[in-house]
Every structure is written in C-alpha cells, then in structure tokens.
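Notes for the one structure printed next.
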Ligand SMILES: Cc1ncc(COP(=O)(O)O)c(C=O)c1O
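This is the structure in structure tokens:
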C-alpha cells in the first residue's frame, strides 16, 4: 500500500462501499426550500452560497460546492437505477472533498490519467473500484496503472490492443462503441468509439492476442437530453455482446457511460425517467452481467454555484457588453460550444440582451450572446451561475495571467 494513502479514509471508504446496496434516495432535497426564484433553479440555496462567500471568499471568481447535495445526487442516482453501480467520472470535478463525499456513498470512480488515478487512490479507493475509460493511453500510463492494480481499461481500436498484449495481458478490456449523441448539449462522438466496420477486426485481434474483452461501453454525449440515445446504445451493446460471445470471448460488463443531465436552461428528462428506460433495456439482456455507469455532471453540477463579478460594461455599436472576471478560460469553458446556464443577478431592472465576455484579450472569450440580464447591471455586481459544479473549475486555466477560480466547499447538512 503506498505511503500517501490515508488509512482512516481507506477504512471509511471500504465500509461505505459495502453499504452501497442499502442506499435509497431521499424523496426531496435535505434542506427546506429557500425562498426566491433563483433558488428554484439551483441545487444549492443561494443564501448559503452568499454566506460561504462572505466568510471565505477572497475576491476571485468562486465555485461554491455543497457536498451534501453531492451525496444526495449519488443516492438519487442509485435509487433511479438500482441495478447500476455508478463510477464517478473524476474529470467533471476532481476536488478531493467531492471525491470523498462520493466514496462515502459507495460510488466507484472512472479516470482518464495517472494524476486522476493517484488522486482517487490517495483517498483510499481500492484499484478494483477504478475504471480507466480513456480509450487511448500512453504506454507509460498503462504501466503506471497496471502496477497499481487497475484491472479494467476501455479500448476502441486494434492498435491499443497491442499495448495490452505487451504490458498487461490479463487486463479486463471493455470495448467502446460509437453511438448517437443527437440531443446532447455537449456531444462526445466523433473522437472515440469503434464504428460498425471496426468491431470485427478488434474482436479478431483480441482473440488472436488472447486478450479478455470483458465488456462493452459507450457515451451518449454529455448533458444528454434525449433518453432514446441510451435505448439505441444499449441495444447496440447487446448485439456486440453476442458477437463477442460468438468469437469465444466472455463479455460480462456493460458500462453505460456518462451523459446524465441536470436542469440548466432547456427542458431536461429526470434521472428517474432515464433510469426507467435503461431498466427496460437491461431486462432484455438474457445473461448475467454487471452493469455500471460513469456519471460525471449529474453528481456535481447542481451541487455547485459559480460566482463571477462584473469588471466593466461597454456599449459597442449599440450592443451592451458585460465583461466579468471569469470567462471561457476561467471556468465557463463549456459556454464556448453553446452550453447555457441560468444566471442570477441581484438587480430588478428590465431584462435586455447582453453580450457576456471574459476578462482575457482573446476574442474567443465570449461566453454568451444575447443573454437576457437586467439592464442596470454595473461594474462590481456579482453574477451567480446556477448548477455549474461540473466542468467549470475542472477546465479553468490561468491564461493571460488571470487567477484560477477559488473553490469553496460547504456541507449544508452540517455547516
Ligand atoms: C469516458 C467518459 N466517461 C464519463 C464521462 C462523464 O460524462 P458526463 O459528465 O456527461 O456524465 C466522460 C465525459 O467526458 C467520459 O469521457
């Protein structure tokens, strides 16, 4: 066991992993509904966000994240899909306290790099609870993970199989297949996923190399608001199970990937509706399989409220511009491809269209165009970006010398 593992945490994690089966979602959030229109759209009461900022804020843009809500989300996910074991996608928000909250709920983990592996292990998560779902890794990364006991690795091409034959011939591999990302606000198809014509060559090469292709996975696209994507993907995966079996392999893991959405600005299916659909599809598998999922956004997005400050307003060619201290490079990266958040400004002026831009000199740093906000916003105002706990601080950089956003972790159950 490496020296960096905290033994108390390890015991706690093991204990809670064992109690995973008993988890049930609470019927409602664990705090009384806070008043205000913005609170109805936000998973963390704004009063608690402001309280935390007043106590701990240092003036930078900040993400206030509530681990009570993270734990609640884990329980809600488990109740919506009782036969599916979630493995949190660390990339969505890798704050250690968030990871600990999820480990305490019996959630496993999905990683993309050696750094994420170290992080998850440092809170005491056993290697058996960790899946390596990045389908192409450097040779050194495979060696690093194999030495630390990671057993499960995603693949989606013949070329990656050679690395496993050489470095970890007993790896349990799961084949990522291409699937529709239509209706997902942040599509992920087009980079990873074996296409129809790629699948047989991969199976043949795996058989030749005596590798264990033990499962199938897919990703329906992040913030997927089209539940049919899970239906189509699960059916395709079932067909691939048959092909693997016919080739003499022993598939036994179905990994439903990520994509589970949270309420942002558009109509969004509930996790319960998605869970019901998935349950119907799983019933069609006439074999004994283990089913897991890799939710990232769902676990953390509505547990977080991102707060940015107006650094200046401008009128250019008759267009109002609001410049704030966090932009595409400072936390609001996903706006670059059109993801939209609900914003809350503490002004009651008439709502008019604004262009909203980050503080850097790059012209790509424009988060929103024609965003409705009160007309009387002024420099110094705080703007609250609701349900922004995922892929915000995780994607932030210090481009142009601007500081990284602050992360303030609260626990509305105990604080
Ligand atoms: C392999 C893999 N699994 C899971 C996720 C998490 O997806 P989401 O946050 O949409 O649930 C991602 C996101 O990029 C991913 O690449």
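Residue numbers (our numbering): 248 to 662. For every residue, glycine included, the Cβ atom is placed at its ideal position computed from N, Cα and C. Just so we're clear, the structure is a prediction, and the values are computed from it rather than from any experiment.
Proximity of residue i and residue j at Cβ, strictly below 8 Å
{"i": "residue 568", "j": "residue 560", "result": "yes"}
{"i": "residue 506", "j": "residue 467", "result": "yes"}
{"i": "residue 499", "j": "residue 537", "result": "yes"}
{"i": "residue 360", "j": "residue 388", "result": "yes"}
{"i": "residue 487", "j": "residue 452", "result": "no"}
{"i": "residue 549", "j": "residue 510", "result": "yes"}
{"i": "residue 205", "j": "residue 334", "result": "Absent from the model: residue 205. The displayed extent of the chain is 248 to 662, so no value can be given."}
Residue i Cβ short of 7 Å to ligand 1 heavy atom set
{"i": "residue 474", "result": "no"}
{"i": "residue 637", "result": "yes"}
{"i": "residue 435", "result": "yes"}
{"i": "residue 516", "result": "no"}
{"i": "residue 316", "result": "no"}
{"i": "residue 504", "result": "yes"}
{"i": "residue 339", "result": "yes"}
{"i": "residue 587", "result": "no"}
{"i": "residue 542", "result": "yes"}
{"i": "residue 357", "result": "yes"}
{"i": "residue 545", "result": "yes"}
{"i": "residue 380", "result": "yes"}
{"i": "residue 564", "result": "no"}
First and last residue of the uninterrupted alpha helix (DSSP H) at residue i
{"i": "residue 525", "result": "518-529"}
{"i": "residue 532", "result": "Residue 532 -> no alpha helix (DSSP H), and no H or E assigned at all."}
{"i": "residue 546", "result": "544-547"}
{"i": "residue 478", "result": "475-493"}
{"i": "residue 410", "result": "405-414"}
{"i": "residue 561", "result": "No alpha helix (DSSP H) contains residue 561, which is instead part of the beta strand (DSSP E) from 551-563."}
{"i": "residue 725", "result": "No information on residue 725 is available, as it lies outside the stretch 248 to 662 that the chain covers here."}
{"i": "residue 371", "result": "From DSSP, residue 371 is part of no alpha helix (DSSP H); its letter is neither H nor E."}
{"i": "residue 592", "result": "Unbroken run through residue 592 is the beta strand (DSSP E), 590-592; no alpha helix (DSSP H)."}
{"i": "residue 286", "result": "284-287"}
Endpoints, beta strand (DSSP E) assigned at residue i
{"i": "residue 620", "result": "613-621"}
{"i": "residue 454", "result": "Here residue 454 belongs to no beta strand (DSSP E); instead the alpha helix (DSSP H) covers 443-455."}
{"i": "residue 567", "result": "566-571"}
{"i": "residue 391", "result": "Unbroken run through residue 391 is the alpha helix (DSSP H), 386-394; no beta strand (DSSP E)."}
For residue i, the three-state DSSP class (helix, strand or coil)
{"i": "residue 248", "result": "Note that residue 248 scores 32 on pLDDT, short of 50, meaning its location in the model is unreliable; the coordinates nonetheless yield the value given after this. Three-state DSSP puts residue 248 in coil, outside helix and strand."}
{"i": "residue 295", "result": "helix"}
{"i": "residue 635", "result": "coil"}
{"i": "residue 463", "result": "strand"}
{"i": "residue 347", "result": "helix"}
{"i": "residue 628", "result": "coil"}
{"i": "residue 642", "result": "helix"}
{"i": "residue 609", "result": "coil"}
{"i": "residue 650", "result": "coil"}
{"i": "residue 417", "result": "coil"}
{"i": "residue 432", "result": "strand"}
{"i": "residue 361", "result": "helix"}
Exercise for review: Inspect the CB distances between the region 574-583 and the region 637-654 and report whether three or more fall short of 8 Å.
Suggested key: Yes: at least three Cβ pairs fall under 8 Å.
Review point. For the region 336-346 against the region 310-319, are there 3 or more C-beta pairs whose distance is under 8 Å?
Key: The region 336-346, when compared against the region 310-319, does touch it at the 8 Å Cβ threshold.
Practice item. Could you tell me whether the region 394-411 touches the region 360-379, using the rule of 3 or more Cβ pairs below 8 Å? Key: Segments in contact, yes.
Review point. Given 8 Å as the limit, is there contact between the region 587-602 and the region 614-622, that is, 3 or more CB pairs closer than that?
Key: The answer is yes - the region 614-622 touches the region 587-602, with three or more Cβ pairs under 8 Å.
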